[in-house]
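K.L.:
Shown below is the structure under consideration.
Residue numbers (UniProt numbering): 1 to 637.
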């Protein structure tokens, strides 16, 4: 019998998991099974690969996140093609299936947990004063460990890239095609209703949302109108029947038994095979499985969907990049594409903690009692209802414009979390954040007596650009990542974040003052020499507390074949290397004003259309792909 008790739950610590363990034996014979890999996902063939029974495929996809799963779904529609999807991680654990446990996945074995180079303008208040990037190392990728929010981005985000074949209208149509939402707002906000990505409304702690909405309206914010981008909105969650609905479920569960779909877990891609010497063409992938190194051959194409951090790493390890840089590292040189790893963009988040000293609707003065944890656990395991089916109130988001930019597009978003008195979920959040102990201790002491509202002010359209380079002391290790946050010459990013800080602190001291709202002095050790809330303190606060989260883009960006600042062409094939493509937000020149999970799925789906138009005779794409001239030149089967 396969049930919850069979899963490895070692990744989750503390009271949350203890509650599960205490109840599992009592509930086991009545439990609803959670995330059985055998029923949900393709069978793992890594052992067959190790025995060299399966080593040649038509297409090899590196990375099983949103983009990789979407490409695999598309390419296996042709039963004549063998498609291998490889993943460095494992099947999703039971932890990933429970929405309310998502904060415990940050820094777990299912998270790449990339450690960035230390900088002087961000993450200085963390235990290790270097920023970390959370990305999924598991089937489903980041969609299996993030906060479940489904945000497609704005058409204008994609129009800024300037490519007709990838403009906002194409993305909008693909989003609609992929979505499956039949709730009350389906027609108003133009959500698709028949696609593979299952979406649900969230109704949790509505009184807190209503209170925040009322006070935002008081300061001039609006409910987001149809086809607009400014204002308040309740985003949908990728969830079904109380469980996370990752992109692996969306794109793989229904096709898991296709005989031409192959999946290999715990398979780490180390480089791409490139043919020599003149015909630069991808021939396969060098991988490591349980320490055994093998070469897997791709007869047609290799598709990189490993994300904006690992994609450039793989390209550099494959000898694709700037010649002198590669030669200095004693790596083979295959193709001159100097933009590999450049133009890194990330959303930057500033957390602002506010205590509620008075009373307000939904602000429970009583403590979060131990029995509630057991009741929540019981309700979830047996009925898939209650607190564990939600991700706090972070789907309620306010998009604002705080600076004159010449557009009506937002420059900041504000997500929210609510912690009632002595709320155990606050500890889980703080442990995930990995703050210095004094900061964590201060917040826990405040929460012993008062509820806390957390405002997550996010810079959603940064100007600063970073880069990804190889780890020079261990080439196969985590790459050197330079964020360069707030590093733009005109200080646009810092000034924008400062305007967001001022917006929330003014909001707190005015309208939120009606319920005793107060910005908490969290005792940031590095800021003690500055007067609380002075300009110097605020700059110090931002430099210590801001961290990257959400979308990442730009490291293998798209452009014309003659553009040396680009890595891939408009058909997502590498410049100067044939049959090697990139299929995720790495290719975007501008970071969308949204997390990039939905965007990754759309890019993967569209690349599938492009590849089928290339390799299948008389294929009719659902959406226009390529140009007539390009299609005439493509080889056909």
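Glycine is no exception: its CB is placed at the ideal position from the N, C-alpha and C atoms.
#1: Buried or exposed: which applies to residue 417, given that a residue is buried once 16 or more other Cβ atoms fall within 10 Å of its Cβ?
#2: Please look up how many angstroms separate the CB atoms of residue 639 and residue 125, rounded, as I've assumed it's under 8 Å.
#3: Since residue 469 is in the alpha helix (DSSP H), which residue starts that stretch and which ends it?
#4: Suppose only complete runs of 4+ residues qualify. What are the alpha helix (DSSP H) ranges in the stretch 168-239, listed by chain order?
#5: According to DSSP, is residue 96 helix, strand or coil?
#6: Any idea if residue 51 is buried or exposed, counting beta-carbon neighbours within 10 angstroms, 16 or more meaning buried?
#7: Please report the distance separating the alpha-carbon of residue 263 from that of residue 312.
#8: When the Cα atoms are used, what is the spatial distance from residue 200 to residue 367?
#9: Hey, residue 389 and residue 99 are a contact pair by Cβ (cut 8 Å); roughly how many whole angstroms apart?
#10: Per the DSSP calculation, residue 600 is bridged to which residue(s)?
#11: Using alpha carbons as the reference points, say which of 537, 477, 532, 551 lies closest to residue 115.
#12: For residue 228, count neighbouring Cβ atoms within 10 angstroms of its own Cβ and tell me buried if that reaches 16, exposed if not.
#13: Suppose you measure from the CA of residue 26 to the CA of residue 381; what does that come to, to the nearest Å?
#14: Buried or exposed for residue 653, going by 16 or more other Cβ atoms inside 10 Å?
#15: So, for residue 197: in the same chain, excluding its five sequence neighbours on each side, which residues have a beta-carbon less than 8 Å away from its beta-carbon?
#16: Following the continuous beta strand (DSSP E) through residue 354, name the residue where it begins and the one where it ends.
#17: For the alpha helix (DSSP H) containing residue 543, name the first residue and the last one.
#18: Contact defined as beta carbons within less than 8 Å: I believe residue 393 pairs with residue 508. What is the distance between those atoms, to the nearest angstrom?
#19: With a cut-off of 8 Å, do at least 3 Cβ pairs link the stretch 603-619 to the stretch 568-582?
#20: Could you give the distance in angstroms between the alpha-carbon of residue 668 and the alpha-carbon of residue 462?
#21: Check whether the stretch 319-339 and the stretch 85-94 touch, using three or more Cβ-Cβ pairs below 8 Å as the test.
#22: Just the C-alpha distance for residue 350 and residue 219, rounded to the nearest angstrom, thanks.
#23: Could you compute how far the alpha carbon of residue 109 sits from the alpha carbon of residue 267?
#24: Let me confirm a value: residue 529 is counted as buried when at least 16 other C-beta atoms fall within 10 Å, else exposed. Which label applies?
#25: Measure the C-alpha to C-alpha separation of residue 336 and residue 321 and round it to an integer number of angstroms.
#26: Please name the residue in 89, 164, 166 whose C-alpha comes closest to that of residue 44.
#27: Starting from residue 456, follow the beta strand (DSSP E) in both directions and report where the run begins and ends.
#28: Quick one: what's got a C-beta closer than 6 Å to residue 144's C-beta in the same chain, skipping five residues either side?
#29: Can you tell me the Cα-Cα spacing of residue 505 and residue 35, whole angstroms?
#30: Measure how close the beta-carbons of residue 500 and residue 405 come, nearest whole angstrom, since I'm counting them as under 8 Å.
#31: Buried or exposed: where does residue 655 fall if 16 or more other Cβ atoms within 10 Å of its Cβ makes it buried?
#32: Using a Cβ-Cβ cut-off of 6 Å (strictly less than) and excluding sequence neighbours within five positions of residue 552, which residues of its own chain qualify?
#33: Compare the beta carbon distance of residue 434 and residue 128 with 9 Å and say whether it is the shorter of the two.
#34: Please state if the CB of residue 595 and the CB of residue 550 are separated by a distance shorter than 9 Å.
#35: Per DSSP, what kind of secondary structure is residue 37 in: helix, strand or coil?
#36: With 16 other CB atoms within 10 Å as the buried threshold, where does residue 562 fall?
P.N.:
Taking the coordinates as given:
#1: As a position in the chain shown, residue 417 is number 417, starting the count at 1. Classification of residue 417: buried, given that the 10 Å Cβ count is 16 or more.
#2: Here the chain comprises residues numbered 1 to 637, so residue 639 is not present and cannot be evaluated.
#3: To locate residue 469, count along the chain shown from 1; it is residue 469. Taken as a continuous stretch (DSSP letters only), residue 469 belongs to no alpha helix (DSSP H), being part of the beta strand (DSSP E) at 467-469.
#4: 168-178, 206-218, all fully within the stretch 168-239.
#5: Working through the chain shown from its first residue, we reach residue 96 at position 96. Helix at residue 96.
#6: In the chain shown, residue 51 corresponds to position 51, counting from 1. Exposed is the call here.
#7: For the purposes of this step, residue 263 is taken as the residue at position 263 of the chain shown. For the purposes of this step, residue 312 is taken as the residue at position 312 of the chain shown. Rounded to whole angstroms, residue 263 to residue 312 spans 23 Å at the Cα level.
#8: To locate residue 200, count along the chain shown from 1; it is residue 200. To locate residue 367, count along the chain shown from 1; it is residue 367. Answer to the nearest angstrom: the Cα atoms are 30 Å apart.
#9: Numbered from its first residue, the chain shown carries residue 389 at position 389. Numbered from its first residue, the chain shown carries residue 99 at position 99. With 8 Å as the limit, residue 389 and residue 99 qualify as a contact, their Cβ atoms being about 6 Å apart.
#10: Stepping through the chain shown from its first residue, residue 600 is reached at position 600. Its beta-bridge partners do not exist; DSSP assigns none.
#11: Along the chain shown, read from residue 1 onward, the residue named residue 115 stands at position 115. It is 477 whose Cα lies nearest to the Cα of residue 115.
#12: Looking up residue 228 in the chain shown gives position 228. Answer is exposed; the Cβ neighbour count stays below 16.
#13: Against the chain shown, residue 26 aligns to sequence position 26. Against the chain shown, residue 381 aligns to sequence position 381. At residue 26 the pLDDT is 49, less than 50, meaning the model places this residue with poor confidence; the figure from the coordinates comes in the next sentence. About 11 Å.
#14: Residue 653 cannot be examined here, being either before or after the span of the chain that is shown, 1 to 637.
#15: The residue given as residue 197 occupies position 197 in the chain shown. Same-chain partners within the cutoff: 150, 178, 179, 180, 238, 245, 247, 250, 598, 601.
#16: Taking the first residue of the chain shown as position 1, residue 354 is located at position 354. Segment 345-356, the beta strand (DSSP E) holding residue 354.
#17: Numbered from its first residue, the chain shown carries residue 543 at position 543. Residue 543 -> alpha helix (DSSP H) spans 535-545.
#18: Here residue 393 refers to the residue found at position 393 when the chain shown is read from its first residue. Here residue 508 refers to the residue found at position 508 when the chain shown is read from its first residue. Between residue 508 and residue 393 the Cβ distance is about 17 Å, and since that is not below 8 Å, they are no contact.
#19: yes
#20: No answer is possible for residue 668: the residues shown for the chain start at 1 and end at 637.
#21: no
#22: On the chain shown, position 350 is the one that residue 350 refers to. On the chain shown, position 219 is the one that residue 219 refers to. Residue 350 and residue 219: Cα-Cα distance of roughly 21 Å.
#23: For the purposes of this step, residue 109 is identified with residue 109 of the chain shown, where counting begins at 1. For the purposes of this step, residue 267 is identified with residue 267 of the chain shown, where counting begins at 1. Straight-line Cα distance between these residues: approximately 15 Å.
#24: Position 529 of the chain shown, counted from the first residue, corresponds to residue 529. Under this definition residue 529 is an exposed residue.
#25: Translated into the one-based positions of the chain shown, residue 336 becomes position 336. Translated into the one-based positions of the chain shown, residue 321 becomes position 321. Cα-Cα distance, rounded: 5 Å.
#26: Translated into the one-based positions of the chain shown, residue 44 becomes position 44. Selected option, being the one with the closest Cα: 89.
#27: The sequence position of residue 456 within the chain shown is 456, counting from 1. 452-459 is the extent of the beta strand (DSSP E) around residue 456.
#28: Walking along the chain shown from the start, residue 144 turns up at place 144. So the qualifying residues of the chain are 92, 96, 136, 138, 246.
#29: Residue mapping note: residue 505 aligns to position 505 of the chain shown, counting from 1. Residue mapping note: residue 35 aligns to position 35 of the chain shown, counting from 1. Residue 505 and residue 35: Cα-Cα distance of roughly 42 Å.
#30: Along the chain shown, one-based indexing puts residue 500 at 500. Along the chain shown, one-based indexing puts residue 405 at 405. Approximately 14 Å separates the beta-carbon atoms of residue 500 and residue 405; this is outside 8 Å, ruling out the contact.
#31: With the chain running from 1 to 637 in the structure shown, residue 655 is simply not present.
#32: Counting from 1 along the chain shown, the entry for residue 552 is found at position 552. So the qualifying residues of the chain are 308, 346.
#33: Locating residue 434 in the chain shown gives position 434, where the first residue counts as 1. Locating residue 128 in the chain shown gives position 128, where the first residue counts as 1. Cβ atoms of residue 434 and residue 128: closer than 9 Å.
#34: Position 550 of the chain shown, counting from 1, holds the residue named residue 550. Position 595 of the chain shown, counting from 1, holds the residue named residue 595. Against a cut-off of 9 Å, the Cβ pair of residue 595 and residue 550 comes out as a contact.
#35: Here residue 37 corresponds to residue number 37 of the chain shown, with the count starting at 1. Here residue 37 sits in helix by DSSP.
#36: Taking the first residue of the chain shown as position 1, residue 562 is located at position 562. The Cβ neighbour count for residue 562, taken over all protein chains shown within 10 Å, is under 16; the residue is labelled exposed.
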